[in-house]
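Going by our numbering, the sequence shown opens with residue 190, and the numbers climb by one from there. Positions of the beta carbon are idealized from the N, C-alpha and C atoms, including for glycine. Only one structure is covered here, and it is reproduced in the block below.
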Amino acid sequence: MRNLVAFSMALALVAGTAAAQQAAQPQRLRGTVDAVDGQMLMLKSRDGGMVHVNLTDKTGYTGVVKASLDDIKPDKFVGIASMPQADGSHKALEVLIFPDSMRGSNEGHYAWDLQPQSMMTNANVTQVVEKVDGPVLKVKYKAGDNTGEQTITVPKDAPIVTFDPNASRSDLKPGVGVMVVAVKQPDGMYTANRVLVGKNGVVPPM
Numbered sequence: 190m191r192n193l194v195a196f197s198m199a200l201a202l203v204a205g206t207a208a209a210q211q212a213a214q215p216q217r218l219r220g221t222v223d224a225v226d227g228q229m230l231m232l233k234s235r236d237g238g239m240v241h242v243n244l245t246d247k248t249g250y251t252g253v254v255k256a257s258l259d260d261i262k263p264d265k266f267v268g269i270a271s272m273p274q275a276d277g278s279h280k281a282l283e284v285l286i287f288p289d290s291m292r293g294s295n296e297g298h299y300a301w302d303l304q305p306q307s308m309m310t311n312a313n314v315t316q317v318v319e320k321v322d323g324p325v326l327k328v329k330y331k332a333g334d335n336t337g338e339q340t341i342t343v344p345k346d347a348p349i350v351t352f353d354p355n356a357s358r359s360d361l362k363p364g365v366g367v368m369v370v371a372v373k374q375p376d377g378m379y380t381a382n383r384v385l386v387g388k389n390g391v392v393p394p395m
C-alpha cells in the first residue's frame with residue numbers, strides 16, 4: 190500500500206499541466222536498462238541515445254505487468270494513452286488498469302508525450318461494447334474543470350498492463366524496459382523520483 194500511495198504522489202507530479210513544462214519539473218524517460226553502476230542507471234533511450242540517471246534512497250520502484258482485454262470491465266479505473274481520430278473518438282495506444290487502491294489517480298483528459306499528438310485519459314469505464322476489431326470503451330472523468338466523456342477503441346494488439354507494487358532496484362537488469370520519472374539537474378544529469386520497471390518481459394507502454 191505504501192508503494193502505491195507513493196507512486197500515486199509521483200503521478201501527480203507528471204500530470205499534463207503547464208507546470209510540468211518547466212525545466213525543474215519531472216520528465217518521463219523511456220527506454221531499456223543498459224547497466225546499473227552503483228547509484229547510476231544507464232538508460233538506452235527510444236532514440237538510441239544513452240541517458241544517465243541518478244538513483245537515490247528516495248527513488249521508488251513500481252512493476253508493470255501484463256493484463257488482458259478481459260480485465261477491462263465497467264467501473265474499472267484506467268489510464269489510456271490514445272490518438273485522436275477524425276470522428277472525434279480516440280484509438281488506444283495502450284491501456285493501464287489501475288489497482289482499486291489507486292482509483293482517481295490523475296483523473297482527467299490531457300496531452301501526453303508517448304507519441305506526437307497523443308492524449309492520456311485517466312477515467313472510469315462506464316461501458317464496454319465488443320467489436321470485431323476490439324472493444325469500444327465509454328469512459329467518464331471528473332477533475333475540476335477537466336470533466337467529460339470519451340469514446341476509445343482498443344485494438345486487439347494494444348498493450349494492456351497493470352501495476353505490481355512488489356518491485357525494487359534489483360529488477361533493473363540489462364535489457365529490461367523502464368519508464369523513469371526524473372528531474373533534470375542544472376548539470377544536465379537526471380535524478381529519478383520513480384522507476385516503472387517492466388516485469389516478465391513487459392515493456393512499460395505508457
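Can the beta-carbon of residue i be found closer than 7 Å to that of residue j?
i	j	result
Pro-393	Val-253	yes
Ala-312	Tyr-330	yes
Ser-307	Ala-270	yes
Pro-263	Val-314	yes
Ala-381	Leu-244	yes
Thr-342	Lys-265	no
Leu-218	Val-240	yes
Gln-339	Val-328	yes
Trp-301	Met-291	no
Pro-363	Val-222	yes
Leu-285	Leu-303	no
Tyr-250	Val-372	no
Could you check if residue i is buried or exposed, using at least 16 other CB atoms within 10 Å of its CB as the buried criterion?
i	result
Glu-296	buried
Gln-211	Low local confidence applies: a pLDDT of 45 at Gln-211 is under 50, so the model's placement there is unreliable, with the coordinate-based value given in what follows. Under this definition Gln-211 is an exposed residue.
Val-242	buried
Arg-458	As displayed, the chain neither begins before 190 nor continues past 395, which places residue 458 out of reach and without an answer.
Thr-248	buried
Gly-377	exposed
Thr-351	buried
Pro-324	buried
Gly-220	buried
Gly-390	exposed
Met-229	exposed
Ala-224	exposed
With which residues is residue i paired in a DSSP beta bridge?
i	result
Ile-349	Val-284
Ile-341	His-279 and Leu-326
Val-365	DSSP output for Val-365 lists no bridge partner at all.
Asn-311	Gly-268 and Gly-297
Ala-356	According to DSSP, Ala-356 bridges with nothing at all.
Ala-224	Met-231
Met-239	Lys-233
Arg-383	Gly-249 and Val-370
Ala-256	DSSP lists no partner for Ala-256.
Asn-335	Ala-332
Any beta carbon of chain D sitting closer than 7 Å to that of residue i?
i	result
Asp-276	The structure shown contains no chain D; it is built from a single protein chain.
Contact the segment 363–377 vs the segment 271–278: 3+ CB pairs below 8 Å: Between the segment 363–377 and the segment 271–278, the count of Cβ pairs shorter than 8 Å is below three; the stretches do not touch.
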